[in-house]
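Undergrad: Using the working numbering, the first residue of the sequence shown is number 478, and each one after it goes up by one.
Glycine included, each C-beta is placed from N, C-alpha and C at the ideal position.
Small disclaimer: the values here were computed from a predicted structure and weren't measured.
Dropping the structure in here first, questions after.
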Amino acid sequence: MSVVRIAFLGTPEFARYHLASLLADSHYEVVGVVTQPDRPSGRNMHLNPSPVKVLAQTHGLKVISPESIKNKEALDEIASWKAEAAIVVAYGQIVPQDFLDLFPRKVVNVHASLLPRWRGAAPIQRAIEAGDKTTGVSLQVMVHKLDAGAVIGSYALPIGENMNSFELHNELMPLGAKLLAVDFMDYLRGHLTPTLQNEILVTYAHKIEKAEAKINWSLSAEKIDCHIRAMVMGPGSFALHSGKKLKIIRAKREPVLSGQPGQILEVAKDSFVVACGEGALRVLEVQPESRAKMSVEDYLRGHSVQKGDMLS
């Protein structure tokens with residue numbers, strides 16, 4: 478089979494990893510890239526290009542960053558690339574039917590869950606938050622309905638007991654790249670038939686909102702632990718200590734201890750224990766307001782934390 482001309486759509490690091498794998502694969506020729514516009518980021522909020530844009534420009538690829546993929550000028554530009562197929566990975570916009578119709582060999586999407594579970598914007602975080610033991614990546618043929626296309630292939634991955642969303646994100650990336658290198662190529666050769674999703678099993682991974690970041694200490698230690706690990710990639714999980722925001726980066730469960738939710742039950746050299754609605758959490762790593770992440774041992778050197786204090 479001849480080299481397949483590909484248009485690639487993606488934006489964050491997760492997508493950049495997949496684009497890099499395609500550029501190293503002699504079966505594909507990436508003829509153009511679509512990514513989100515430059516966004517303000519960092520302490521000074523300067524405009525910065527997406528990781529995908531940086532990689533694409535490094536390789537001298539055609540790159541466009543339309544505010545909307547529905548824009549006629551954007552669609553006309555993409556059509557001029559004469560790509561046979563398109564690959565979408567964490568692009569950040571819902572693509573219109575007019576886009577899907579441009580490609581004779583279909584548009585596929587790498588999605589970071591085992592579809593139909595966790596359709597939507599935040600599958601990695603929602604899987605951890607829900608306490609799932611297993612997740613994975615799926616390759617679907619895109620249709621004009623959110624993550625509802627027939628599945629070409631998928632790979633499962635156990636979620637470690639202490640794994641956070643950033644760690645899971647990094648372990649899923651190579652599996653997504655494998656879907657493109659192996660399963661998508663088999664599909665293009667006619668060796669794989671996509672499987673329709675079971676609509677009865679659908680769950681949705683809604684976008685993470687900043688309002689979700691505050692810890693509710695009345696929940697069980699298990700649920701709060703899942704919440705903390707899920708929110709590492711995103712707004713983080715925080716509580717208020719002495720009126721100031723304190724992000725909880727890493728903790729472990731202490732099921733034997735209990736007390737009033739939010740109350741500090743024990744202070745050690747390198748940790749402190751907070752009561753939950755059921756059980757307790759031993760906090761190991763934090764991030765004070767306007768400061769870098771640090772161990773609790775370092776935090777305790779500069780902050781007073783006493784048994785009986787309340788986190789809200």
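#1: When the Cα atoms are used, what is the spatial distance from P619 to L665?
#2: Tell me R807's beta-bridge partners as DSSP assigns them.
#3: Using CA coordinates, which residue listed in D578, K559 and L645 is at the minimum distance from S590?
#4: Short check: CB of V614 to CB of L652, under 7 Å?
#5: Contact between the segment 686-696 and the segment 736-753 is defined here as three or more beta-carbon pairs at a separation below 8 Å; is this criterion met?
#6: Should L657 be labelled buried (16 or more other beta-carbon atoms within 10 Å of its own) or exposed?
#7: Relative to the C-alpha of G637, which candidate in D502, C703, L592 and V566 has its C-alpha closest?
#8: Near Q534, which residues of its chain fall below 8 Å by C-beta distance, leaving aside the five closest residues on each side in sequence?
#9: For the segment 717-727 and the segment 666-679, state whether three or more C-beta atom pairs, one from each stretch, are separated by less than 8 Å.
#10: Helix, strand or coil for E755? Go by DSSP, reduced to three states.
#11: Give the C-beta separation of T680 and R594 to the nearest angstrom, bearing in mind that I take them to be a contact with Cβ-Cβ under 8 Å.
#12: Does DSSP put P517 in a helix, in a strand, or in coil?
#13: Going by DSSP, what residue range makes up the beta strand (DSSP E) through E824?
#14: Using 10 angstroms around the beta-carbon of T612, count the other beta-carbons present and answer buried if the total reaches 16, otherwise exposed.
#15: Who are H588's beta bridge partners in DSSP?
#16: Rounded to whole angstroms, what's the CA-CA distance from L649 to A598? Just pull it up for me.
#17: Between S498 and A654, how many whole angstroms is the CB-CB distance? I'm expecting something under 8 Å.
TA: In terms of the structure at hand:
#1: A small fix is needed here, since residue 619 is Met in this sequence, not Pro. Distance between the alpha carbons of M619 and L665: 15 Å.
#2: Since the first and last residues shown for the chain are 478 and 789, residue 807 lies out of range.
#3: L645
#4: Yes. Within cutoff.
#5: yes
#6: With 16 or more other CB atoms across the displayed protein chains lying within 10 angstroms of its CB, L657 is buried.
#7: C703
#8: P526 and V540
#9: no
#10: strand
#11: 5 Å
#12: strand
#13: The requested residue 824 does not occur in the structure, where the chain is confined to residues 478 to 789.
#14: buried
#15: S615
#16: 16 Å
#17: 4 Å
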